[in-house]
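Reviewing the structure listed below.
Numbering (the UniProt record's numbering), first residue to last: 1 to 217.
Printed below as a string of structure tokens:
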């Protein structure tokens, strides 16, 4: 479990491709080190296990499933990675609950730099729309962000200077892929409601007639 508050930026120093997996060597600032073998670290929002400790950082293994469902399939050596260690009982909860299990890879659709903020538009598959709400939270490449201008195919965020300077968002370009994880609370609520009402209530299924049948209007 993570919070979406980035603690350090790492750098992909080497990528080893195998038959069914890949291994990434990630160099980290000295202040971020002190991790242990088997420890979970969020890397661009993906919960990965420390498989090897090297002098300048650590190595992680990426399965075929992880490569196919995250932006790591586009990784290149030299890329910077948002890093966060797992939540502990004595750690401040400054963001929101992030599992490190990516829902979909979205795309940077627009970047608008303004004095004091940068607005970024992300596009995503329409199946994510029920889980993204105005002023709610979403993790983008592991960063806890507040969303606005939610539509069926995407949402926007406003990036403050501190976040812009201390994450890899400042390297993103239009068309780049990003890992998106929706707020897990919304997922549980929707699943509970669908179980209660005996079927899907997403998109076009949530009609005036449906609400009347279930006593909401």
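Every residue gets a Cβ at the ideal spot worked out from N, C-alpha and C, and that includes glycine. As the structure is a prediction and not an experimental result, all values here were calculated from the model.
| query | With respect to the beta strand (DSSP E) encompassing residue 140, which residues constitute its N-terminal and C-terminal limits? | reply | First-last of the beta strand (DSSP E) with residue 140: 137–140.
| field | Candidates 76, 130, 113 and 177, of which the one nearest residue 191 by Cα | value | 130
| In three-state terms, what does DSSP make of residue 97? | coil
| task | Check residue 218 in the structure and name its three-state DSSP category. | result | This structure cannot speak to residue 218, because the chain is shown only from 1 to 217.
| task | Report yes if the CB atom of residue 3 is closer than 8 Å to the CB atom of residue 96, and no otherwise. | result | yes
| field | Run of the beta strand (DSSP E) containing residue 147, from where it starts to where it stops | value | 143–151
| query | Taking the alpha carbon of residue 198 as the point to measure from, which residue in 184, 213 and 185 has its own alpha carbon closest? | reply | Nearest option by C-alpha distance: 213.
| DSSP on residue 189, reduced to helix/strand/coil? | Looking at residue 189 - three-state DSSP - the assignment turns out to be helix.
| query | Taking the DSSP output, what are the residues bridged to residue 21? | reply | The partner list for residue 21 (beta bridge, DSSP) reads 63.
| query | The alpha helix (DSSP H) with residue 49 in it runs from where to where? | reply | Counting along the chain, residue 49 falls outside any alpha helix (DSSP H), though it belongs to the beta strand (DSSP E) covering 46–54.
| request: Answer yes or no: the CB of residue 142 versus the heavy atoms of the ligand ZN, is any distance below 7 Å? | output: The model on display carries no ligand, and the ligand ZN is accordingly not part of it.
| task | Please state whether DSSP places residue 158 in a helix, a strand or coil. | result | Secondary structure of residue 158 (DSSP, three-state): strand.
| Segment contact flag, the region 117–125 with the region 23–36, C-beta cutoff 8 Å, min 3 pairs | In short, these stretches do not touch, since the Cβ pair count stays below three.
| request: Taking residue 156 as the reference, give the member of 147, 39 and 104 with the closest Cα. | output: 147
| field | Span of the beta strand (DSSP E) around residue 179 | value | 177–182
| task | Say whether the region 84–94 touches the region 53–61, bearing in mind that this needs 3 or more beta-carbon pairs closer than 8 Å, one atom from each stretch. | result | Contact fails: fewer than three Cβ-Cβ distances are below 8 Å.
| request: Report the rounded CA-to-CA distance for residue 47 versus residue 115, giving the unit in angstroms. | output: 34 Å
| DSSP state of residue 122, grouped into three classes? | strand
| CA-to-CA distance, residue 135 to residue 73, given in whole angstroms | 30 Å
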